[in-house]
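> Shown below is the structure under consideration.
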Amino acid sequence: MKEFTGYKKGINLGGWLSQPACGNFTKEHLDNFVTESDIAYISSLGLDHVRLPIDYEVIQKDDGRLIESGFSRIEKCIQWCVKHGLRIVLDLHKACGYVFDDESNSDLFHDQKLQTIFIELWKEMTRRFGKYSDIAAFELLNEITDKNTAEAWNAIAAETIAAIRAINTDIRIIIGGYENSSIEGLSALEKPADENIVFTFHCYNPLIFTHQSAYWVKNMPADFKLKYPAAPSEYREISHKYFGDIYDRELNYNNEVFDQGYFEELFSPALKISEKYNVPLYCGEYGVIDLADTESAVKWFCDIQNALKKFGIVHAAWTYKNKDFGLTDEHYSDIFQEIINNS
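Dropping the structure here:
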């Protein structure tokens, strides 16, 4: 598989410039949620990059006007990474006209004005941050949801890549597919426009384990608990009871219990696409909610990370702190170092 040069293992900075953990982008939050000391600490752990989710409203108004203070914060984070020997993925987590966790907010895919605003934002990102192409990469948009937007997304991505390349020819550009950057969604992506394209996917499988008791998952009971590993047949039986058949596809594994082989099988279609197009792969998110017991969580992390390492797939855990998945929070304190050491 083609290498995503310079990147191997990282962590997300969710909840800072995207989906603020406190609920609002207050100055106090923006100044203090992530600081240089956090970047220094991440570097000391032996990780080599951070993925920085960014909501458009930090850097752009709805009419396309730019917000200088937001760009300054991104610049500052990049400089911290330079100082402490980390690389960075700049991920547009929410765009004007598209929010991955709000099905009603998807006008980007059929509104030319919103597409122009989107492309102009990436042109501005390139003018400002393209000079960091040795340590930075651009992720065009987080988690496309609807499979029916795949064709429109390919067209938008192609136009955006062309606009970026008119300014900068070598910065790596990361693209994901439908169903929240699913592995299946990679199959709908077009052939990479050039040699500096990376395909991304996210992995929270089995979701009924990684998102147990999550309030935002439809039909999820607040007291829903699962152990890992367990028999796939057991997961399927429980899943049918609460969720019907919607998770059957990701629970289709024939071994006696979930293990590293489950993830190796899961990643197989992505590896075939990588080989077909000679394109690197990036697992930009994976993690377990802090409501799961830690013994189960560490086993899940070890299995998925061992599979990712086996295939040379670059990966970034979700997430550094807070956001229900915070790896440096108290819930994970006893196993955090084991997860990091294994990554």
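Residue 1487 is where the sequence shown starts when you use my numbering, and the numbers rise one by one after that. We put the CB at the ideal spot given by N, CA and C, even for glycine.
Kindly indicate which three-state DSSP category G1583 falls into: helix, strand or coil?
What you label residue 1583 is simply residue 97 of the sequence shown in a count that begins at 1. Three-state result, G1583: coil.
> For the segment 1736-1801, list the alpha helix (DSSP H) runs that are entirely contained and at least 4 residues long, ordered along the chain.
Complete alpha helix (DSSP H) runs here, min 4: 1746-1763, 1780-1797.
> Is E1625 helix, strand or coil when you go by DSSP?
The residue given as residue 1625 occupies position 139 in the sequence shown. E1625: strand per DSSP, three-state reduction.
> Alpha carbons only, please: which of R1614, V1568, G1550, I1790 is nearest the one belonging to E1751?
The count along the sequence shown starts at 1 and reaches residue 1751 at position 265. Nearest option by C-alpha distance: I1790.
> Would you check if the distance between the CB atom of I1657 and the CB atom of A1622 is smaller than 8 angstroms?
As a first step, residue 1657 must be located in the sequence shown, where it is residue number 171. As a first step, residue 1622 must be located in the sequence shown, where it is residue number 136. Yes; because the gap between Cβ atoms is below 8 angstroms, this pair is in contact.
> Buried or exposed: which applies to T1646, given that a residue is buried once 16 or more other Cβ atoms fall within 10 Å of its Cβ?
Within the sequence shown, numbered from 1, the residue matching residue 1646 stands at position 160. Label assigned to T1646: buried.
> How about I1694 and Y1733: are their beta carbons less than 8 angstroms apart?
Working through the sequence shown from its first residue, we reach residue 1694 at position 208. Working through the sequence shown from its first residue, we reach residue 1733 at position 247. Yes.
> For the alpha helix (DSSP H) that T1686 lies in, which residues bound it at each end?
By one-based count along the sequence shown, residue 1686 stands at place 200. No alpha helix (DSSP H) contains T1686, which is instead part of the beta strand (DSSP E) from 1683-1689.
> Restricting to Cα atoms, I'd like to know which of I1630, Q1565, Y1714 is closest to G1583.
Counting from one through the sequence shown, the residue named residue 1583 turns up at place 97. Checking every option, the nearest Cα to that of G1583 belongs to I1630.
> Alpha carbon to alpha carbon, how far is F1749 from S1668?
By one-based count along the sequence shown, residue 1749 stands at place 263. By one-based count along the sequence shown, residue 1668 stands at place 182. So the two alpha carbons sit approximately 13 angstroms from each other.
> Out of M1611, C1689, A1641, R1551, which has the shortest C-alpha to C-alpha gap to Q1464?
Because the chain is modelled from 1487 through 1829, residue 1464 falls outside the range shown and cannot be assessed.
> Considering only DSSP beta bridges, list what D1577 is partnered with.
Position 91 of the sequence shown, counted from the first residue, corresponds to residue 1577. DSSP, once it has assigned bridges, lists P1539, E1625 as partnering D1577.
> Exposed or buried, which one is K1758 when buried takes at least 16 other CB atoms within 10 Å?
On the sequence shown, position 272 is the one that residue 1758 refers to. Burial call: exposed.
> How about D1810 and D1776: do their beta carbons lie closer than 8 angstroms?
Within the sequence shown, the letter at position 324 stands for residue 1810. Within the sequence shown, the letter at position 290 stands for residue 1776. Contact: yes.
> For the beta strand (DSSP E) that K1495 lies in, which residues bound it at each end?
Working through the sequence shown from its first residue, we reach residue 1495 at position 9. Per DSSP, K1495 belongs to the beta strand (DSSP E) from 1495-1498.
> Return the chain-ordered list of same chain residues with a C-beta closer than 7 angstroms to the C-beta of K1633, the five sequence neighbours on each side being excluded.
Along the sequence shown, one-based indexing puts residue 1633 at 147. The residues are Y1664, E1665.
> Less than 7 angstroms between C-beta atoms, sequence neighbours within five positions excluded: which residues of the same chain meet that for D1745?
What you label residue 1745 is simply residue 259 of the sequence shown in a count that begins at 1. Answer for D1745: P1715, D1789, listed in chain order.
> According to DSSP, is A1644 part of a helix, a strand, or is it coil?
Residue numbering aside, residue 1644 sits at position 158 when the sequence shown is read from its first letter. A1644 falls in the helix class under three-state DSSP.
> Could you tell me the distance, in whole angstroms, from the CA atom of E1606 to the CA atom of N1591?
Taking the first residue of the sequence shown as position 1, residue 1606 is located at position 120. Taking the first residue of the sequence shown as position 1, residue 1591 is located at position 105. Cα to Cα, the separation comes out at about 20 angstroms.
> Please list the terminal residues of the continuous beta strand (DSSP E) segment that includes I1438.
The first residue shown for the chain is 1487 and the last is 1829, placing residue 1438 beyond what the model contains.
> Checking the sheet assignment: what are the DSSP bridge partners for Q1546?
If you number the sequence shown from 1, residue 1546 lands on position 60. According to DSSP, which records beta bridges pairwise, Q1546 is partnered with L1552.
> Determine the closest residue to H1535 out of T1491, R1551, G1509, with distance taken between C-alpha atoms.
Locating residue 1535 in the sequence shown gives position 49, counting from the first residue. Closest option to H1535, Cα to Cα, is T1491.
> Kindly list the residues whose CB is nearer than 7 angstroms to the CB of L1794, restricted to its own chain and excluding five residues on each side of it in sequence; keep chain order.
As a first step, residue 1794 is located in the sequence shown; it is residue number 308 there, counting from the start. Excluding sequence neighbours, L1794 sits near C1769, H1801.
> With distances taken from CA atoms, which of T1780, Y1772, K1807, A1778 is nearest S1829?
To locate residue 1829, count along the sequence shown from 1; it is residue 343. Out of T1780, Y1772, K1807, A1778, Y1772 has the C-alpha closest to the C-alpha of S1829.
> Quick check on DSSP: helix, strand or coil for A1717?
Counting from one through the sequence shown, the residue named residue 1717 turns up at place 231. Here A1717 sits in coil by DSSP.
> Would you say A1581 and F1557 are within 8 angstroms of each other, going by their C-beta atoms?
Counting from one through the sequence shown, the residue named residue 1581 turns up at place 95. Counting from one through the sequence shown, the residue named residue 1557 turns up at place 71. No, the pair does not count as a contact, with Cβ atoms beyond the cut-off.
> Please report the distance separating the alpha-carbon of A1648 from that of E1625.
Along the sequence shown, read from residue 1 onward, the residue named residue 1648 stands at position 162. Along the sequence shown, read from residue 1 onward, the residue named residue 1625 stands at position 139. C-alpha separation (whole angstroms): 15 angstroms.
> Could you pull the start and end residues of the alpha helix (DSSP H) that A1526 belongs to?
Sequence index remark: in the sequence shown, residue 1526 carries index 40 (1-based). From DSSP, the alpha helix (DSSP H) with A1526 extends over 1522-1530.
> Where does the unbroken alpha helix (DSSP H) through Q1598 begin, and where does it stop?
For the purposes of this step, residue 1598 is taken as the residue at position 112 of the sequence shown. Residues 1598-1615.
> Check the DSSP bridge columns for A1803 and list the partner residues they point to.
Within the sequence shown, residue 1803 is the residue found at index 317, counting from 1. According to DSSP, which records beta bridges pairwise, A1803 is partnered with I1497.
> Compute the Euclidean distance between the alpha carbons of K1807 and L1531, then round it to the nearest angstrom.
On the sequence shown, position 321 is the one that residue 1807 refers to. On the sequence shown, position 45 is the one that residue 1531 refers to. Rounded to whole angstroms, K1807 to L1531 spans 15 angstroms at the Cα level.
> Does the Cβ-Cβ distance between N1498 and R1551 come in under 8 angstroms?
Walking along the sequence shown from the start, residue 1498 turns up at place 12. Walking along the sequence shown from the start, residue 1551 turns up at place 65. No, the Cβ-Cβ distance between N1498 and R1551 is not below 8 angstroms.
> Quick check on DSSP: helix, strand or coil for I1669?
Translated into the one-based positions of the sequence shown, residue 1669 becomes position 183. DSSP places I1669 in coil when its eight states are reduced to three.
> State buried or exposed for H1596, treating a residue as buried only when at least 16 other CB atoms are found within 10 Å of its CB.
One-based indexing of the sequence shown puts residue 1596 at position 110. Exposed, since its Cβ has fewer than 16 Cβ neighbours within 10 Å.
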